[in-house]
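Working notes, structure below.
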Amino acid sequence: MKKTLVSLFVLAVLAAASFYAQQAGWVTALWVETTGKLSEAQSRPDQKKRQAAPSSPVEVAAASAKTLSDDISAVGSLLSDESVQIAAETSGRVAEIKFTEGDVVTAGTVLITLDDALISAQVEDAEARLTLAKANYERAASLRKSGTASQTTLDTAQSELSIQQAVYDLIRTQHEKLSIKAPFPGVLGFRTISPGAYVTAGTPLVNLEKIDQLKVNFSVPEFYLSKLAVGQKIEISADALPGTRFEGAVYAIDPAIDVNGRAIKVKATLSNRDGKLRPGLLARITVKGAPRTAVTIPESALVSRGNDFLVYKTDNGKAKETKVRAGRRENGFVEILDGVEIGQQVVIAGQARLRDGVDVEIIPPTASAIEG
Numbered sequence: 429m430k431k432t433l434v435s436l437f438v439l440a441v442l443a444a445a446s447f448y449a450q451q452a453g454w455v456t457a458l459w460v461e462t463t464g465k466l467s468e469a470q471s472r473p474d475q476k477k478r479q480a481a482p483s484s485p486v487e488v489a490a491a492s493a494k495t496l497s498d499d500i501s502a503v504g505s506l507l508s509d510e511s512v513q514i515a516a517e518t519s520g521r522v523a524e525i526k527f528t529e530g531d532v533v534t535a536g537t538v539l540i541t542l543d544d545a546l547i548s549a550q551v552e553d554a555e556a557r558l559t560l561a562k563a564n565y566e567r568a569a570s571l572r573k574s575g576t577a578s579q580t581t582l583d584t585a586q587s588e589l590s591i592q593q594a595v596y597d598l599i600r601t602q603h604e605k606l607s608i609k610a611p612f613p614g615v616l617g618f619r620t621i622s623p624g625a626y627v628t629a630g631t632p633l634v635n636l637e638k639i640d641q642l643k644v645n646f647s648v649p650e651f652y653l654s655k656l657a658v659g660q661k662i663e664i665s666a667d668a669l670p671g672t673r674f675e676g677a678v679y680a681i682d683p684a685i686d687v688n689g690r691a692i693k694v695k696a697t698l699s700n701r702d703g704k705l706r707p708g709l710l711a712r713i714t715v716k717g718a719p720r721t722a723v724t725i726p727e728s729a730l731v732s733r734g735n736d737f738l739v740y741k742t743d744n745g746k747a748k749e750t751k752v753r754a755g756r757r758e759n760g761f762v763e764i765l766d767g768v769e770i771g772q773q774v775v776i777a778g779q780a781r782l783r784d785g786v787d788v789e790i791i792p793p794t795a796s797a798i799e800g
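If you want my numbering, it's the 1-based position in the sequence shown plus 428.
Here it is, written out as structure tokens:
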């Protein structure tokens with residue numbers, strides 16, 4: 429019985445030892461397998477690093493020198509060189525209208541006459557009184573010279589002559605005012621009266637516009653004060669005449685700044701001998717600035733980042749991110765005030781894939797990319 433129990437105990441011990449040996453071998457194998465996988469995973473980044481990253485294809489263009497001018501743009505209104513609403517200077521009935529609406533007239537042309545029957549009679553009466561006063565004065569002067577008339581008589585005759593001369597001159601002036609004349613050469617507008625109408629002093633009759641030369645009034649921000657000068661050339665266009673440009677010159681700059689709009693009022697003049705322009709037209713004005721040489725690049729090269737601008741230059745096959753200061757933009761190009769020099773290559777297409785220092789592959793640019 430004891431031998432049997434000892435045998436069973438020995439067998440149990442051997443079985444347990446065999447089981448633990450198998451478990452230890454499985455754990456060892458699992459550890460070896462896991463360690464191998466970790467080692468393989470850790471080696472993959474190194475393999476990726478050893479593989480060269482592909483170059484980014486980009487299109488480039490060289491920064492170039494262009495002649496720019498600091499032009500100023502504004503909007504204004506065209507005005508007649510001279511403009512007046514012709515009005516009656518005295519009361520009366522319209523006797524005759526001597527013009528047709530739209531006529532071109534010269535200075536002094538009689539446009540309208542008022543009835544002068546009454547004042548013509550007054551002129552004749554004043555002329556007769558003046559003639560009599562002259563005769564009385566001459567007689568008194570002759571008698572005074574011969575000693576038969578006193579100095580008082582001569583003085584009285586001279587005073588009467590002066591009075592009658594003044595009365596005659598006054599009535600003649602009133603008579604002349606019945607003939608309403610053009611004060612300067614120009615084009616007549618539409619009349620507001622008809623023959624037979626009674627008008628009083630100040631009644632508007634017709635407008636007269638001098639338009640062979642025009643004026644244009646406009647305002648620009650006070651920032652441009654130092655860039656304005658009398659005599660400066662301007663170019664003008666009007667929406668009513670697309671494709672046509674007119675030249676003029678600044679002739680006056682307001683000495684005071686408009687404090688409400690922080691703007692400078694400017695007046696310019698331009699020739700209109702062909703009569704294409706009309707007062708009142710909306711004018712688009714370009715005040716020409718002094719020409720200067722500037723560094724420019726295609727506008728497509730400019731990358732906006734917050735409040736800053738940058739470009740990507742190419743240097744030995746790599747992209748170089750460069751912050752720049754941009755100036756004027758004109759015809760698809762942008763002026764670079766700082767950060768790029770003439771001749772340097774800048775990326776004009778493909779910037780979205782770039783960052784500073786990445787490899788780039790330059791490919792031929794398209795025409796649209798070069799033009800900005």
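We treat Cβ as the ideally placed atom computed from N, Cα and C, and that holds for glycine.
Residue(s) in a DSSP beta bridge with residue i
i: Asp-743; result: Lys-746
i: Lys-638; result: Glu-510
i: Ala-802; result: Absent from the model: residue 802. The displayed extent of the chain is 429 to 800, so no value can be given.
i: Ile-790; result: Val-486
i: Ser-505; result: Asn-645 and Leu-710
i: Ile-764; result: Ala-754
i: Leu-616; result: Leu-636
i: Gly-520; result: Val-627
i: Ala-515; result: Pro-632
i: Ser-719; result: Position check: residue 719 holds Pro in this sequence, whereas Ser was assumed. DSSP output for Pro-719 lists Ser-497 as bridge partner(s).
i: Thr-724; result: Ser-492 and Glu-763
Cβ-heavy atom distance, residue i to the ligand ATP, below 7 Å
i: Gln-779; result: For the structure depicted, the ligand ATP is absent and the ligand set is empty, with no information on it obtainable.
Cβ distance (whole Å) where residue i is taken to contact residue j below 8 Å
i: Leu-636; j: Val-512; result: 5 Å
i: Lys-704; j: Ile-662; result: Lys-704 to Ile-662, Cβ: 17 Å. No contact.
i: Ala-625; j: Val-522; result: 5 Å
i: Val-644; j: Gly-676; result: 7 Å
i: Ala-516; j: Ala-629; result: 6 Å
i: Ala-493; j: Thr-742; result: About 20 Å separates the two Cβ atoms, so there is no contact after all.
i: Val-775; j: Tyr-740; result: 4 Å
i: Ala-777; j: Glu-487; result: 4 Å
i: Ala-594; j: Tyr-565; result: Not confirmed; about 14 Å, so no contact.
i: Arg-673; j: Ile-664; result: 7 Å
i: Glu-789; j: Ser-483; result: 4 Å
i: Gly-760; j: Pro-793; result: Actually they do not touch by this definition, with Cβ atoms about 13 Å apart.
i: Gln-592; j: Ala-563; result: With a Cβ gap of about 11 Å, Gln-592 and Ala-563 do not count as contacting.
i: Leu-542; j: Leu-606; result: 4 Å
DSSP state of residue i mapped onto helix, strand, coil
i: Ala-569; result: helix
i: Ser-823; result: With the chain covering only 429 through 800, there is no way to say anything about residue 823.
i: Ser-484; result: strand
i: Val-551; result: helix
i: Asn-735; result: coil
i: Leu-560; result: helix
i: Arg-781; result: helix
i: Ala-449; result: Low local confidence applies: a pLDDT of 42 at Ala-449 is under 50, so the model's placement there is unreliable, with the coordinate-based value given in what follows. Looking at Ala-449 - three-state DSSP - the assignment turns out to be helix.
i: Leu-730; result: coil
i: Ala-545; result: helix
i: Thr-528; result: coil
i: Ile-540; result: strand
Fill in: Inter-stretch contact at 8 Å, needing at least 3 Cβ pairs: the segment 532–550 / the segment 649–667
These segments do not touch.
Worksheet item: Do the segment 687–697 and the segment 639–650 meet, that is, are 3 or more Cβ pairs less than 8 Å apart?
Response: The segment 687–697, when compared against the segment 639–650, does touch it at the 8 Å Cβ threshold.
Worksheet entry | Entirely enclosed beta strand (DSSP E) segments - the segment 648–715, minimum 3 residues | Complete beta strand (DSSP E) runs here, min 3: 661–666, 673–681, 691–699 and 710–715.
Worksheet item: Three or more C-beta pairs closer than 8 Å, one from the segment 698–714 and one from the segment 498–517: is that the case here?
Response: At 8 Å Cβ cutoff, the stretches touch.
Worksheet item: Which runs of the beta strand (DSSP E) spanning at least 3 residues fall entirely within the segment 571–609, listed in chain order?
Response: Segments of the beta strand (DSSP E) lying fully in the segment 571–609: 607–609.
Practice prompt. Count the C-beta pairs between the segment 745–763 and the segment 724–733 that are closer than 8 Å, then say yes if the count reaches three, no if not.
Written response: Taking a cut-off of 8 Å on C-beta distances, the segment 745–763 touches the segment 724–733, as three or more cross pairs fall below it.
Fill in: the segment 574–589 contacting the segment 490–501, beta-carbon criterion three pairs below 8 Å
Short answer: they don't touch.
Discussion item. Measuring CB atoms only, is the segment 594–601 touching the segment 554–563, in the sense that at least three cross pairs come out at less than 8 Å?
Written reply: They touch, by the three-pair rule.
Worksheet item: Using 8 Å as the Cβ pair cut-off and three pairs as the minimum, do the segment 680–688 and the segment 608–622 touch?
Response: Contact between the segment 680–688 and the segment 608–622 is absent: fewer than three C-beta pairs spanning the two stretches fall below 8 Å.
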